[in-house]
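Q: Got a structure for you, questions after.
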Amino acid sequence: MATLAFQGIRKQYGETVALDRLDLDVADGELMVVVGPSGSGKTTALRVAAGLERVTAGAVRIGGRDVTRLPPVAREVAMVFQSYALFPHLSVGDNIGIGLAVRRVPKREAAERVRAAAELVGCAGQLDRRPFQLSGGERQRVALARALVREPAAFLLDEPLSNLDAQLRVQMRAELQRLHRRLGATMLYVTHDQVEALTMGDRVAVLRDGALQQVGPPDEIYRRPANRFVAGFVGSPAMNLLPVVTAADGLRAGPFPLEPPPGSPWPAGRRLELGVRPEHLRVTVDGPGVPAEVQVVEMAGHETYLHLTLGAPGHEAGSGSGQAVVARVGDGLRPAVGSSVRVELPRGHAYLFDADSGETLVQAT
Amino acid sequence: MIRDRERRDLAVMLAPYLVGLAALVVVPGAVTFALSLFDYDLIRPATFAGLDNFRELARDAVFRTSLRNSLHFVLFAVPVRLAGAVTLALLLHRRFRGVGAYRTAAYLPTVVPDVAYALLWLWLFNPLYGPLNLTLGALGLPQPPWFTGLGATQAAVIIMSVFQLGEGFLVALATRQEIPGELYELISVEGAGPWATFRRITLPLMAPTLALLAARDVIFSFQATFVPALIVTGGGPPPYATTYLPLFIYTNGFQYLRYGYAAAATVCMILVTAYIVLLQYRMVRRWRESFVV
Chain A
1 MATLAFQGIR
11 KQYGETVALD
21 RLDLDVADGE
31 LMVVVGPSGS
41 GKTTALRVAA
51 GLERVTAGAV
61 RIGGRDVTRL
71 PPVAREVAMV
81 FQSYALFPHL
91 SVGDNIGIGL
101 AVRRVPKREA
111 AERVRAAAEL
121 VGCAGQLDRR
131 PFQLSGGERQ
141 RVALARALVR
151 EPAAFLLDEP
161 LSNLDAQLRV
171 QMRAELQRLH
181 RRLGATMLYV
191 THDQVEALTM
201 GDRVAVLRDG
211 ALQQVGPPDE
221 IYRRPANRFV
231 AGFVGSPAMN
241 LLPVVTAADG
251 LRAGPFPLEP
261 PPGSPWPAGR
271 RLELGVRPEH
281 LRVTVDGPGV
291 PAEVQVVEMA
301 GHETYLHLTL
311 GAPGHEAGSG
321 SGQAVVARVG
331 DGLRPAVGSS
341 VRVELPRGHA
351 YLFDADSGET
361 LVQAT
Chain B
366 MIRDRERRDL
376 AVMLAPYLVG
386 LAALVVVPGA
396 VTFALSLFDY
406 DLIRPATFAG
416 LDNFRELARD
426 AVFRTSLRNS
436 LHFVLFAVPV
446 RLAGAVTLAL
456 LLHRRFRGVG
466 AYRTAAYLPT
476 VVPDVAYALL
486 WLWLFNPLYG
496 PLNLTLGALG
506 LPQPPWFTGL
516 GATQAAVIIM
526 SVFQLGEGFL
536 VALATRQEIP
546 GELYELISVE
556 GAGPWATFRR
566 ITLPLMAPTL
576 ALLAARDVIF
586 SFQATFVPAL
596 IVTGGGPPPY
606 ATTYLPLFIY
616 TNGFQYLRYG
626 YAAAATVCMI
636 LVTAYIVLLQ
646 YRMVRRWRES
656 FVV
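Top to bottom, those sequences are chains A and B. Note that the working numbering has the first sequence beginning at 1, numbered continuously upward. Note that the working numbering has the second sequence beginning at 366, numbered continuously upward.
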């Protein structure tokens, strides 16, 4: 296996900038997940690594070797596409072995390697079948086996699970992680699904509009987002954002009064925004906090999401009433739609962002 | 109620096609089959001849030459036309500046009326002032005797047919564009060069359509020689060098007024065509089953 590095990569299509000075190092044996919304440039980054796109500027290094000008074949990478890209006229075995065949690996050796790769992903019993006879999950395994069989320097996976149903996706997620641990493979994994990113990545890189927002372990991305975009993109439901206003009694985020964190005064002269994740809003029927009206109740099995409007009718909510927020609550609380609850903002769980630049100013206030 | 009405609508919509099919294909086909068993010259009443016409065909040297010429034509023209259609489709499937003009140019000879097309080639092939031989002469290359040499005349008829590949080109182009780009990207990452990509991906994935095109072209080619043979080469020269089955049938039917004999030759042509298409179908099926890496 090998390291994979993007060094100052810029990719432009005409006037459109798909990647803007991307610097990203994937360590040897690391599973790096690149996540971002549609059009963020994540697939472009993957295709640049594969050699399917020429860069406008910058360099790609695989195993320390500059491969920027090399064609895909010389990069020794393997790719798994979202659509699996299986050849419909070839059997599963021939699909897996096509890379070996075009590289003229002796047939006997190729057959052994195909069988070994198929066994590794659990499709050894289907080598004689054709792709159209396989389910989505089985096709995905074949595509993985095809990537494995050449023992490449790095794996490039482009949303490999997004065509699978929810249950199979969870299962394949675990299998991919197991495979990664077993092989110690360098993997660049692109997804738009932040749950996939957080659960699978050794590290996660968040892209937006072609620019890298933050790179770090999943925990760091979730708990210490570099900016409002990362905070809002990672986590489901998304983080609640409340404009911060100056009131007579100090600062308020929506109806919540704010106290500056110990030892750090409020950043002066900036427009501010407060972010709080749904699980950190404390909701009670008649406890402390500001009143809110329940608009929608979403049951998600072991937890419930409440869509609330802060400042219930008939209550004196003060400034910031009418603000919509989402709160995640446990099994115990199941208020009716239209009923009134109380919402509290506990200390130590909110983020303060610069409303203009989006930069995170205070972590967990 | 609704089903009845749907059925009635369907019948109304199908009627023009079915009437045309009956009037232009089924009835003439049946008459041809029947006529092949008679002697008929438009003047005297038809007399039943049984299989005499077919027996005479088997002994007729001109018929055997025509059949051989037609088979030669199919053998050379079909692969060349197919290869031409695929090559053009592969060259012109990408988007680039001016591609529309090139595609139109590739299709254009197909829409020129056959007689005009044949007259055009009569000029192009003219050994004295035709631009083809003038160009070849200017380049210091040999100038084939297009309308006098045996091989050259037959080659001329094949060359004429090669440029009328517009429909095959369009079908091949559509088929190539249907192949997902990701398959090509994947095979390039896997390490295949252009030839391996063509052999392992493009050709097998286009194969079903190409088989269909080939079958269609065989049927077409048996008939396509008529206008060039009639107008450009006159069936020779040397004698009978370019007398193909359609010209043989035409001559016997409309010049010698031997309608029964011409009908028997037509039946033979249909049977030979059907046999070749069947043979082709079997070969392609076996070929497709043998796809391995």
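Glycine residues also receive a C-beta, built at the ideal position from the N, C-alpha and C atoms. These figures come from a predicted structure and were not determined experimentally.
Does the beta carbon of residue 586(B) sit closer than 9 Å to a beta carbon anywhere in chain A?
A: Not closer than 9 Å to any Cβ of chain A, the Cβ of residue 586(B) fails to qualify, so no.
Q: Using 9 Å as the threshold, is the C-beta distance between residue 361(A) and residue 353(A) below it?
A: For residue 361(A) and residue 353(A), yes; Cβs fall inside 9 Å.
Q: Sorted by chain position, which residues of the same chain lie with C-beta nearer than 6 Å to residue 744(B)'s C-beta, five sequence neighbours on each side aside?
A: Look at the range of chain B in this structure, 366 to 658, and you will see that residue 744(B) is not part of it.
Q: Would you kindly work out how many angstroms separate the C-alpha atoms of residue 543(B) and residue 499(B), rounded to a whole number?
A: Their backbone Cα atoms lie some 42 Å apart in a straight line.
Q: Could you run through the stretch 168 to 199 of chain A and flag, in chain order, every residue whose CB is less than 8 Å away from some CB of chain B?
A: Under the 8 Å Cβ criterion, the stretch 168 to 199 of chain A contributes no residue.
Q: How would you write the range of the beta strand (DSSP E) that residue 353(A) sits in, first residue to last?
A: Unbroken beta strand (DSSP E) run through residue 353(A): 350 to 354.
Q: Whole angstroms is fine: what's the gap from residue 315(A)'s alpha carbon to residue 290(A)'s?
A: Its pLDDT being 48, under 50, residue 315(A) is placed unreliably in this model, and the value from its coordinates should be taken loosely. Each residue's Cα considered, the two are about 9 Å apart.
Q: Helix or strand or just coil, what does DSSP make of residue 410(B)?
A: Here residue 410(B) sits in coil by DSSP.
Q: For residue 98(A) and chain B, any beta-carbon pair shorter than 9 Å?
A: Closer than 9 Å: yes.
Q: Strictly under 9 Å for the Cβ-Cβ distance: is residue 555(B) near chain A by that measure?
A: Closer than 9 Å: yes.
Q: Would you check if the stretch 297 to 307 of chain A and the stretch 322 to 335 of chain A touch, i.e. whether three or more CB-CB distances between them fall below 8 Å?
A: Output reads yes: the stretch 297 to 307 of chain A touches the stretch 322 to 335 of chain A.
Q: Run through DSSP, which three-state label would residue 337(A) get?
A: Here residue 337(A) sits in coil by DSSP.
Q: Is the shortest distance between the beta-carbon of residue 51(A) and the beta-carbons of chain B less than 9 Å?
A: So yes, residue 51(A) belongs to the interface.
Q: If you draw a straight line from the C-alpha of residue 136(A) to the C-alpha of residue 9(A), how long is it?
A: Cα to Cα, residue 136(A) sits roughly 34 Å from residue 9(A).
Q: Consult DSSP for residue 631(B) and reduce its assignment to one of helix, strand or coil.
A: Of the three classes helix, strand and coil, the one that applies to residue 631(B) here is helix, per DSSP.
Q: So, helix, strand or coil for residue 361(A), using DSSP?
A: Strand, per DSSP.
Q: Whose CA, out of 541(B), 615(B) and 561(B), lies closest to the CA of residue 458(B)?
A: Answer by Cα proximity: 541(B).
Q: Rounded to whole angstroms, how far is the Cβ of residue 534(B) from the Cβ of residue 471(B), which I believe are closer than 8 Å?
A: That belief holds up - the Cβ atoms of residue 534(B) and residue 471(B) are roughly 5 Å apart, short of 8 Å.
Q: To the nearest angstrom, report how far apart residue 558(B) and residue 105(A) are at their CA atoms.
A: The straight-line gap from Cα to Cα measures roughly 15 Å.
Q: Could you tell me the distance, in whole angstroms, from the CA atom of residue 189(A) to the CA atom of residue 78(A)?
A: Distance between the alpha carbons of residue 189(A) and residue 78(A) is about 12 Å.
Q: Over what stretch of residues does the beta strand (DSSP E) that includes residue 189(A) continue unbroken?
A: It spans 187 to 191 - the beta strand (DSSP E) in which residue 189(A) sits, taken as one unbroken run.
Q: Does the count of Cβ pairs from the stretch 568 to 581 of chain B and the stretch 485 to 494 of chain B closer than 8 Å reach three?
A: Touching, no, given that fewer than three Cβ pairs across the two stretches are closer than 8 Å.
Q: Does residue 62(A) have its Cβ less than 9 Å from a Cβ in chain B?
A: Closer than 9 Å: no.
Q: Can you find a CB in chain B that lies within less than 9 Å of the CB of residue 103(A)?
A: True, the Cβ-Cβ gap to chain B drops below 9 Å.
Q: Of all the CB atoms in chain B, is at least one closer than 9 Å to the CB of residue 146(A)?
A: By this cut-off, residue 146(A) is an interface position.
Q: Give me the chain B residues within the contact set of residue 73(A), using Cβ-Cβ distance strictly less than 7 Å, ordered along the chain.
A: What residue 73(A) touches in chain B: 553 and 556.
Q: With DSSP as the reference, please indicate the residues paired to residue 305(A) in a beta bridge.
A: In DSSP, residue 305(A) forms a bridge with 298(A) and 328(A).
Q: So with CB distances below 8 Å, who are the chain A contacts of residue 678(B)?
A: The first residue shown for chain B is 366 and the last is 658, placing residue 678(B) beyond what the model contains.
Q: Between the stretch 563 to 584 of chain B and chain A, which residues of the former have CB atoms less than 9 Å from a CB of the latter, in chain order?
A: Within the stretch 563 to 584 of chain B, the residues whose Cβ lies closer than 9 Å to some Cβ of chain A are 565, 566, 569, 570 and 572, listed in chain order.
Q: Check whether the Cβ of residue 550(B) lies closer than 9 Å to any Cβ atom in chain A.
A: So, interface residue.
Q: For the stretch 512 to 563 of chain B, list the alpha helix (DSSP H) runs that are entirely contained and at least 4 residues long, ordered along the chain.
A: Segments of the alpha helix (DSSP H) lying fully in the stretch 512 to 563 of chain B: 515 to 527, 531 to 543, 546 to 555 and 559 to 562.
Q: Between residue 539(B) and chain A, is any beta-carbon pair separated by less than 9 Å?
A: Not an interface residue.
Q: How would you call residue 486(B), buried or exposed, if buried means at least 16 neighbouring beta carbons within 10 angstroms?
A: Residue 486(B) should be labelled buried.
Q: Return no unless some Cβ of chain B is closer than 9 Å to the Cβ of residue 247(A).
A: For residue 247(A), the answer is no, since every Cβ of chain B falls outside 9 Å of its Cβ.
Q: Should residue 206(A) and residue 229(A) be called a contact, given that it needs their Cβ atoms to be closer than 9 Å?
A: Contact: yes.
Q: Which residues does DSSP pair with residue 80(A) in a beta bridge?
A: The partner list for residue 80(A) (beta bridge, DSSP) reads 157(A).
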